[in-house]
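Beneath this line is the structure, given in structure tokens, with notes to follow.
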Amino acid sequence: MSSDNLLTLNLKIWRQKNNKEKGEIVDYTIDGISPDASFLEMLDVLNEKLIAEGNDPVAFDHDCREGICGMCSLMINGQAHGPEAETTTCQLHMRKFQNGETIVVEPFRARAFPVLKDLMIDRTAFDDIIASGGFVNVNTGNAQDANSILVPKENAELAMDAAACIGCGACVASCKNASAMLFVSAKVSQLSLLPQGQLEAEERVKNMVSKMDELGFGNCTNEAECEASCPKGISISNIARMNRDFLSAAVKAKD
Amino acid sequence: MTEIKKLDGKVPAGKLQDKWDQHRFNMKLVNPANKRKYKVIVVGTGLAGASAAATLSELGYDVSTFCIQDSPRRAHSIAAQGGVNAAKNYPNDGDSIWRLFYDTIKGGDYRAREANVYRLAQVANNIIDQCAAQGVPFAREYGGTLSNRSFGGAQVSRTFYARGQTGQQLLLGAYSALMKEVGKGKVKSYTRREMVELVVVDGKARGIITRNVVTGEYEKFSADAVLLCTGGYGNTYFLSSNAMASNGSAAWKAYKKGAMFANPCYTQIHPTCIPQHGDFQSKLTLMSESLRNDGRVWVPKDKNETRKANDIPEEERDYYLEEKYPSFGNLVPRDVAARNAKQQADMGKGVGSTKVAVYLDFADAIKREGIETIKARYGNLFDMYERITDENPYEVPMRIFPAVHYTMGGLWVDYNLMTTVPGCFALGEANFSDHGANRLGASALMQGLADGYFVIPYTLGNYLASEGLINSDVEETAPEFDEALKTSKERFDKLLAINGTKSVDSFHRELGVVMWDYVGMARTAEGLSTAITKIKAIREDFWKNVKVTGTNDGVNIELEKANRVADFLELGELMARDALTREESCGGHFRDEYQTEENEAKREDDKFCHVAAWEYTGDNKEPIRNIEELNFENVALTQRSYK
Chain A
1 MSSDNLLTLN LKIWRQKNNK EKGEIVDYTI DGISPDASFL EMLDVLNEKL
51 IAEGNDPVAF DHDCREGICG MCSLMINGQA HGPEAETTTC QLHMRKFQNG
101 ETIVVEPFRA RAFPVLKDLM IDRTAFDDII ASGGFVNVNT GNAQDANSIL
151 VPKENAELAM DAAACIGCGA CVASCKNASA MLFVSAKVSQ LSLLPQGQLE
201 AEERVKNMVS KMDELGFGNC TNEAECEASC PKGISISNIA RMNRDFLSAA
251 VKAKD
Chain B
256 MTEIKKLDGK VPAGKLQDKW DQHRFNMKLV NPANKRKYKV IVVGTGLAGA
306 SAAATLSELG YDVSTFCIQD SPRRAHSIAA QGGVNAAKNY PNDGDSIWRL
356 FYDTIKGGDY RAREANVYRL AQVANNIIDQ CAAQGVPFAR EYGGTLSNRS
406 FGGAQVSRTF YARGQTGQQL LLGAYSALMK EVGKGKVKSY TRREMVELVV
456 VDGKARGIIT RNVVTGEYEK FSADAVLLCT GGYGNTYFLS SNAMASNGSA
506 AWKAYKKGAM FANPCYTQIH PTCIPQHGDF QSKLTLMSES LRNDGRVWVP
556 KDKNETRKAN DIPEEERDYY LEEKYPSFGN LVPRDVAARN AKQQADMGKG
606 VGSTKVAVYL DFADAIKREG IETIKARYGN LFDMYERITD ENPYEVPMRI
656 FPAVHYTMGG LWVDYNLMTT VPGCFALGEA NFSDHGANRL GASALMQGLA
706 DGYFVIPYTL GNYLASEGLI NSDVEETAPE FDEALKTSKE RFDKLLAING
756 TKSVDSFHRE LGVVMWDYVG MARTAEGLST AITKIKAIRE DFWKNVKVTG
806 TNDGVNIELE KANRVADFLE LGELMARDAL TREESCGGHF RDEYQTEENE
856 AKREDDKFCH VAAWEYTGDN KEPIRNIEEL NFENVALTQR SYK
């Protein structure tokens, strides 16, 4: 890549010292960014510069940098994970931006995802939802031969589509109600599509939905922003499937 | 002269096939009502940690888990793409437990412990059953049965997979089992905690000190046993396919408390990664080995070739793997494929703007199978490749090159997975035991889950019951905890106080270059000696000139990194030292001085058919190289051939 392609960018980044203090947008200018760099590598360059100047680097969550761990987040120009469809922030590359562009970078915002510092947020609420029922209750050592559970290929594929969720929270951040319906429905769908998940299907959906409500996530009003922002292309048809399961569980409730 | 210890792997007596069964019968049990009285700490929540924590909690133990990420689900096992091996023989193509065992021992170039590998092959089938029962959405055939594909180093199809996200799906299975226990209030999950010290009381591991990476607080946790499931140390090289936070620090703390470090020079350089493209680059991305099922590796025959890949006619291409290894072709083991790619680049036949890459071409597969089939098999990988490189691999060949991916070395453990510190166990990539000098594809997931679901639940019980720890509770008020906490705090304060001029990353990059150049795919005595000198110099410079901004309280990512890089700067030296003293080539450890006429790794079985287990003797002092002899009773040691 020749040096005349290098980008100069104006960054407006959310800085917040910790969970208690108020945050603000701070302006930075950065140059010499290769279009082949990832968005997070661009932030690395900014941080190297801040450290050299004796300033506090920008805190942001990231880990695998290959789009699978779900740790990275960021609202980039108001879009969760930025402008490219089905792409996490770590897989977004600077060639998608223009020289001289202004980029606004904020954390994922939701009542259930408090900001810890700058762009870092707390997503333990997602773990709490999974702990309330996002599993098949089978202890180690009880399993029969794997091929004794036959799964129609079509169901296996649909379950895999849902299971591809990386738990990043983009769906919550992009929803005006901060609803976690896409996240919850992806897990509910995966397990209800498979024979292994049938036995506990009704309890599971009731428990997970009520935990989601309890944790302060909002309701679904069918805006489909979640699907549009999902880096793994999880479909809102999962929400429809979950609603069916939920309704059926509610009707059959014993008490 | 220091005395070299001979370590006992505690392999049970008897026939290879009966060892594990007999051992399970011989081991002591903990009474069900007593299990809840034992506290177990699990550090790391990847495949090994999550599966161990869930299973031990199901058995009734009082389990706490610790991870540095914001959720146990983020561990780097999640990034494994290709699959998990097991000898189910569902395709009816001649597989068996013995064949899986044999392939793994041979793939590891006869540097793994026979009994461990056989046990791994035995329990692998249970892993598939367990994961299927959890609702892991494995790939299926039209009749509803499980699908298999083939992987390097094997001539049978024994790899189970969930698209190109097998690690993710297996980890989410183990994570869901763990969260099931968390939901029941039986496991306490501590997130964003980094283990910064192992606490040893009366010679036994009795707890850890952690640093809360959000508040900067140091915390003390006591237990009856500590399980280190903290992954590998590939990030010593700075650029690797590991996650940014993957580190060797937990293992390194254990090493300094007496746990020996085995075969640190055994690192796996994975043949198919996206090549490096700039100095700002923070990590390398792997393209699954499964791609070698359909992709053909080639370079132009003429090193002055300037045409684009698709314009180079068939007869002017060198499909060097197919040519050289007709029976395994593009599916030779990773070390062989990686070394051959390097040889091509060294000859000047590399491709792309840097000439440090080779082609992985799908044109024939697309012609043969149709684009839709290839899309179904590898769609997500092709998309990832395109996002990173801006090239469409359906139309032009991928450019790939080897990159650091996995470390076969790790904490020395006996057959029971216990380190040389009683009560401190190491599972998964953190230990050294099953892959010898080279790991086969789809075997890391198998080993992590084998250790966690099916081995440690038995061997931990035996340790706890044998030691009678039930009558010797150690509280966090014990002086050893205060001392360890003080040591950690002083270390972090010291890092902050240096206030030099160079960033943490700049030191890490510098170390990475030395490691890649001298402790990479081809090593020499001279180069390794140079590496040791250079690493010492970088380390000295680090402790004088590193600049860590911020304070010890609250989020301070630079401080976290500085702590890890300080450990890499010591670990890197040990890796070079181990590579220097292993005067042979085996698997991923290739010494230029020891090669066959055909440039393959040449082992020196008379002198080096052993594990090197390094013992810490003090900072800046030479460690002792102890050994564990490897006895092969069931396989004949041969020169590996994949021709």
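Protein sequences, first through last, are from chains A and B.
All letters in the first sequence, in the order written, are residues 1 to 255 by our numbering.
All letters in the second sequence, in the order written, are residues 256 to 898 by our numbering.
C-beta atoms are modelled at their ideal positions from N, C-alpha and C, and glycine is treated no differently.
By Cβ distance, which residues of its chain are closer than 6 angstroms to residue 428 of chain B, with the 5 residues on each side in sequence left out?
-> Around residue 428 of chain B: 386, 389, 391.
Just the Cα atoms here: how many angstroms apart are residue 589 of chain B and residue 278 of chain B?
-> 33 angstroms
Do residue 720 of chain B and residue 265 of chain B have their CB atoms nearer than 8 angstroms?
-> no
Could you round the C-beta distance between residue 515 of chain B and residue 667 of chain B to whole angstroms and report it? I think they count as a contact, below 8 angstroms.
-> 4 angstroms
Quick one: any contact between the segment 131–147 of chain A and the segment 29–37 of chain A, if contact means 3 or more CB pairs under 8 angstroms?
-> no
Kindly indicate which residue of B/896, B/788, B/796 has the alpha-carbon position closest to the one of residue 758 of chain B.
-> B/796
Selected residue, minimal CA-CA separation from residue 313 of chain B, among B/526, B/825, B/295, B/377 = B/295
Could you tell me whether any Cβ in chain B is nearer than 8 angstroms to the Cβ of residue 57 of chain A?
-> yes
Cβ neighbour criterion (16 or more within 10 Å) applied to residue 333 of chain B = So residue 333 of chain B ends up on the buried side.
Flag residue 401 of chain B as yes if its beta-carbon sits less than 8 angstroms from any beta-carbon of chain A, otherwise no.
-> Residue 401 of chain B counts as touching chain A.
Selection from B/475, B/717, B/468 that minimises the alpha carbon distance to residue 461 of chain B | Each of B/475, B/717, B/468 was checked against the Cα of residue 461 of chain B, and the nearest Cα belongs to B/475.
At a CB-CB cut-off below 8 angstroms, which residues of chain B make contact with residue 41 of chain A?
-> Chain-order list of chain B residues neighbouring residue 41 of chain A: 535, 536, 537, by C-beta distance under 8 angstroms.
Using the beta-carbon count (16 or more within 10 Å), is residue 199 of chain A buried or exposed?
-> exposed
Does DSSP put residue 171 of chain A in a helix, in a strand, or in coil?
-> Of the three classes helix, strand and coil, the one that applies to residue 171 of chain A here is helix, per DSSP.
Report the three-state DSSP secondary structure of residue 123 of chain A (helix, strand or coil).
-> Three-state result, residue 123 of chain A: coil.
For residue 12 of chain A, write down the residues that DSSP places opposite it in a beta bridge.
-> Answer is A/27, A/104.
Please check the pair residue 672 of chain B and residue 710 of chain B, which I expect to be a contact at CB under 8 angstroms, by giving their CB distance rounded to whole angstroms.
-> That pair is a contact at about 6 angstroms.
Since residue 130 of chain A meets chain B, which of its residues come closer than 7 angstroms, beta carbon to beta carbon?
-> 431, 434
Using DSSP with H/G/I as helix, E/B as strand and the rest coil, what is residue 282 of chain B?
-> coil
Contact check, residue 384 of chain B vs residue 145 of chain A under 8 angstroms by CB: the rounded distance?
-> Indeed, because the Cβ distance is near 6 angstroms, the residues count as touching under 8 angstroms.
With DSSP run on the structure shown, which of helix, strand or coil describes residue 516 of chain B?
-> strand
According to DSSP, is residue 628 of chain B helix, strand or coil?
-> helix
Residue 716 of chain B, enclosing alpha helix (DSSP H) - first and last residue | 711–722
Residue closest to residue 366 of chain B, alpha-carbon to alpha-carbon, out of B/761, B/829, B/663, B/698 = That would be B/663, whose Cα lies nearest to the Cα of residue 366 of chain B.
Contact list for the segment 131–148 of chain A against chain B, Cβ threshold 8 angstroms = 131, 132, 133, 134, 135, 136, 137, 138, 139, 140, 141, 142, 143, 144, 145, 146, 147
Going straight from the alpha carbon of residue 221 of chain A to that of residue 177 of chain A, what length do you get?
-> Going by the C-alpha atoms only, they are around 8 angstroms apart.
Residue 143 of chain A burial status per 10 Å Cβ neighbour count (16 or more: buried) = buried
Buried or exposed by the 16-neighbour rule on C-beta atoms within 10 Å, applied to residue 830 of chain B | buried
Using a Cβ-Cβ cut-off of 8 angstroms, state whether residue 243 of chain B counts as contacting chain A.
-> Outside the shown range of chain B (256 to 898) lies residue 243 of chain B, about which nothing can therefore be said.
Span separating the alpha-carbon of residue 271 of chain B from that of residue 373 of chain B | 7 angstroms
Could you work out which residues of chain A lie near residue 711 of chain B, taking near to mean beta carbons separated by less than 8 angstroms?
-> Per Cβ cutoff of 8 angstroms: no residues; residue 711 of chain B is ~11 angstroms from chain A at best.
Do you know how far the Cα of residue 317 of chain B is from the Cα of residue 683 of chain B?
-> Each residue's CA atom was taken as its position, placing residue 683 of chain B and residue 317 of chain B some 21 angstroms apart.
Verify the CB distance criterion: does residue 446 of chain B have a CB-CB separation below 8 angstroms to chain A?
-> yes
Does the Cβ of residue 858 of chain B have 16 or more other Cβ atoms within 10 Å, making it buried, or fewer, making it exposed?
-> buried
Alpha carbon to alpha carbon, how far is residue 457 of chain B from residue 738 of chain B? Give it in angstroms, no decimals.
-> 14 angstroms
For chain B, is any of its Cβ atoms less than 8 angstroms away from the one on residue 276 of chain A?
-> Past the boundaries of the shown model lies residue 276 of chain A; chain A is included only from 1 to 255, so the question cannot be answered.
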